[in-house]
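**Student:** The structure's right below; bear with me while I get my questions together.
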Amino acid sequence: MAAHLCLEEAEVVRLVLEFLANWELSISQLVLERESGVINDALSDDLLFLRQLILDGQWDNVLDFVQPLEGMGAFDSKRFKVEQECGKHLQKTTARLSPLRVPTSEHERSARTQAPPGALRR
Numbered sequence: 001m002a003a004h005l006c007l008e009e010a011e012v013v014r015l016v017l018e019f020l021a022n023w024e025l026s027i028s029q030l031v032l033e034r035e036s037g038v039i040n041d042a043l044s045d046d047l048l049f050l051r052q053l054i055l056d057g058q059w060d061n062v063l064d065f066v067q068p069l070e071g072m073g074a075f076d077s078k079r080f081k082v083e084q085e086c087g088k089h090l091q092k093t094t095a096r097l098s099p100l101r102v103p104t105s106e107h108e109r110s111a112r113t114q115a116p117p118g119a120l121r122r
């Protein structure tokens, strides 16, 4: 018995994006989102723009973008600034590391082939 499955291209891309998210392959996920124009999350345009600023490391623009929110009681601007500074410093630290680092030990190589904790097992 053969089963046929009809999926739209955008649904296939969303499945791949979910797979990349489960494996914590965020750079690959970002590239696929940019190239396909398909986003796996249901976010508003403003949140997508803010997310893009953060992922691109445009930290000064991030602060400018959220500045109108500082007057709102529900928005913790102090915590946001601390998180923003942490992201900024983390980016500077990781920029020194090679983005295409090849696993050197057998343990590192085998760790990449294991399923992530939230992955589906068959």
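Residue numbering for the sequence shown follows UniProt numbering, starting at 1 and increasing by one per position.
For every residue, glycine included, the Cβ atom is placed at its ideal position computed from N, Cα and C.
1. Quick one, are the C-beta atoms of L17 and L32 less than 9 Å apart?
2. Decide if L43 is buried, meaning its Cβ has at least 16 other Cβ atoms within 10 Å, or exposed.
3. State the Cα-Cα distance for the pair R122 and N22, rounded to the nearest angstrom.
4. If you draw a straight line from the C-alpha of Q67 to the C-alpha of A2, how long is it?
5. Quick check on A10: does DSSP put it in helix, strand or coil?
6. Can you tell which of C86, V82 and Q29 has its C-alpha closest to the C-alpha of V13?
7. I'd like the list of long-range same chain contacts for F49, defined as Cβ closer than 6 Å, with 5 residues on each side in sequence excluded.
8. DSSP on A21, reduced to helix/strand/coil?
9. Check V66 in the structure and name its three-state DSSP category.
**Tutor:** Result, derived from the coordinates:
1. yes
2. exposed
3. Low confidence applies here, because R122 scores a pLDDT of 47, under 50, leaving its location unreliable and the question unanswered by this model.
4. Roughly 57 Å separates the two Cα atoms.
5. helix
6. Q29
7. Excluding sequence neighbours, F49 sits near nothing in its chain.
8. helix
9. Taken through DSSP and simplified to helix, strand or coil, V66 comes out as helix.
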